[in-house]
Structure formats: structure tokens, C-alpha cells
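All remarks here apply to the structure that follows.
In full-length UniProt numbering, the protein residues as written are 1 to 261.
Structure, rendered in C-alpha cells:
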């Protein structure tokens, strides 16, 4: 493929030294080579930076400073991005080798989109073993608002000019900033998906589940839905989100609590 489109990838990081090497390798090992890689670490206290230094010559920009949360860390990367497309991969998730190649191919075919993503996503455990593969087709904004809030953030990329236009991630949202981002982006263009094979994997690993975390999650969901056009938060919607929380919180709760502390 002609590598004439630059893609910016951001990895926000905090104390996930046991996983971050796999993440870095998945980015620098892409079959598509015109990539700007930005890593934003919130002053990890584990061996994260030792791993980062091992691959420092493969990472275009490294930021190592305190931040105000995961959304703030990702936004720091977005604001330094120079690619035509930009997205992020968390420091415990991975991209499949063909991820960016397929996203760029899709973008070249349909360049009016606001979101480009893979509808198939692997779920792996702490050892990197496959648990399952899920499929999620998101046709439009109404689907997210009224039927299924879930999004596939891993392996999703967005035109940088649209990220700038909507002022990036909302830094007051910690659990579902990806949902909020998708809803706002979909005011500016359609969504397109690569449907043949998984192009990313998200990792689930044991974490503490607390009442405080549950309440924060539900508050985030309510705020995001209302801000993006929902006419009301019904008991049925909250029930759906409550049960969806179990699968989502395994990978979101500990990093968010650490980022917020």
C-alpha cells in the first residue's frame, strides 16, 4: 500500500508495565509504516519507563508528566498529532499487525467518514490468551443513544480535523469518554467499519469493583446521553448499562481510579 497518509497513534500509560511492551510492539510492528507514535505516561511508579526507554527510538514523542486523568493524557497526544487520522490504544490493549493498513484502505475508499473502526474485536486475558471475539456494528448515532451504548475503541481512528473541531475528549468523563467522542463525531459524518477480521484486542484482567466506581460510571453514562441528545434516562437504559458495566469495568476501573487519585 502507498504510505502517503500519516496516522497518529497515542498510548496513554500509567502503571501498566506488565502489559505495555506488548502494546508498543503491536504499534511499531504495523505493516503500514507511515505512523506517528506518541506515548503519554502519567509518571508511572512501576517499570513502565524502563520498557519505554527500550523502544525509545521507535516512539516519536514521549511525554512523562502528571496528568489530570486518562482523557487529559490522550488529549495531550491528540494536540501533538500531525496525522490525517488519529486514535489511541491503551497500554494494556494491542493492535493486530494489519490494523492501520486496513483503516487507511477504508479511509481511502470512503474519505467522508467521522469514524473508522474494526467491527470485530478480540478479548484477551492477562496472559494474552484469547477469551472470545465479539462483533459490533454501529450504523449511526441513534443506535448508540437508544439501543446499545457499547463502542469498539481499540482500532478506531478519526480525522484529526474533526477531533480538533469538537475539541477532543471531554476531560470530565473518565469511564465512557469513547462513547461521548463517538456521539459527538457522528454529528459531522458517517461511520465506516472493516468487517473481515479483528484488527485489535482489548485485555480484561482482575480489578477491584467498588460502589464508588459503579456510581461514577452511571453518572458518566447519564451525562453523556443527555448531552448528546437523549430525551431522558429510562430505567431500561440504566438497566442495560448496569449489566454492561461488569464486562467494561474489568479493564477500566483500576486505571481510572489510579488516574483520578
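Here a beta-carbon is modelled for each residue, glycine too, at the ideal position from N, C-alpha and C.
Classify residue 133 as buried or exposed, calling it buried when 16 or more other Cβ atoms lie within 10 Å of its own Cβ.
The sequence position of residue 133 within the chain shown is 133, counting from 1. Label assigned to residue 133: exposed.
If we ignore side chains and look at the alpha-carbon of each, how far apart do residue 155 and residue 4 end up?
Position 155 of the chain shown, counted from the start, is the residue given in the question as residue 155. Position 4 of the chain shown, counted from the start, is the residue given in the question as residue 4. Straight-line Cα distance between these residues: approximately 20 Å.
Whole angstroms is fine: what's the gap from residue 72's alpha carbon to residue 131's?
Locating residue 72 in the chain shown gives position 72, where the first residue counts as 1. Locating residue 131 in the chain shown gives position 131, where the first residue counts as 1. Going by the C-alpha atoms only, they are around 31 Å apart.
When DSSP labels each residue in this structure, what does residue 109 get in the three-state scheme?
As a first step, residue 109 is located in the chain shown; it is residue number 109 there, counting from the start. Helix.
Could you say if the segment 95-105 and the segment 179-199 meet the contact criterion of at least three C-beta pairs nearer than 8 Å?
yes
By the 10 Å Cβ neighbour count, where 16 or more other Cβ atoms means buried, how is residue 183 classified, buried or exposed?
Along the chain shown, one-based indexing puts residue 183 at 183. Residue 183 should be labelled buried.
Separation of residue 118 from residue 145, as counted between CA atoms:
As a working note, residue 145 is residue 145 in the chain shown. As a working note, residue 118 is residue 118 in the chain shown. Spanning the two alpha carbons is a distance of roughly 20 Å.
Which first and last residues belong to the alpha helix (DSSP H) in which residue 31 is found?
Position 31 of the chain shown, counted from the start, is the residue given in the question as residue 31. No alpha helix (DSSP H) holds residue 31; DSSP gives it neither H nor E.
Does the segment 84-93 come close enough to the segment 54-62 to have 3 or more Cβ pairs within less than 8 Å?
Output reads no: the segment 54-62 does not touch the segment 84-93.
If you draw a straight line from the C-alpha of residue 142 to the C-alpha of residue 106, how long is it?
Here the question's residue 142 lines up with position 142 in the chain shown. Here the question's residue 106 lines up with position 106 in the chain shown. Approximately 23 Å, taken between the alpha carbons.
For residue 111, which option in 121, 88 and 158 has the closest C-alpha, if you only look at C-alpha atoms?
Translated into the one-based positions of the chain shown, residue 111 becomes position 111. Here the closest residue by C-alpha is 158.
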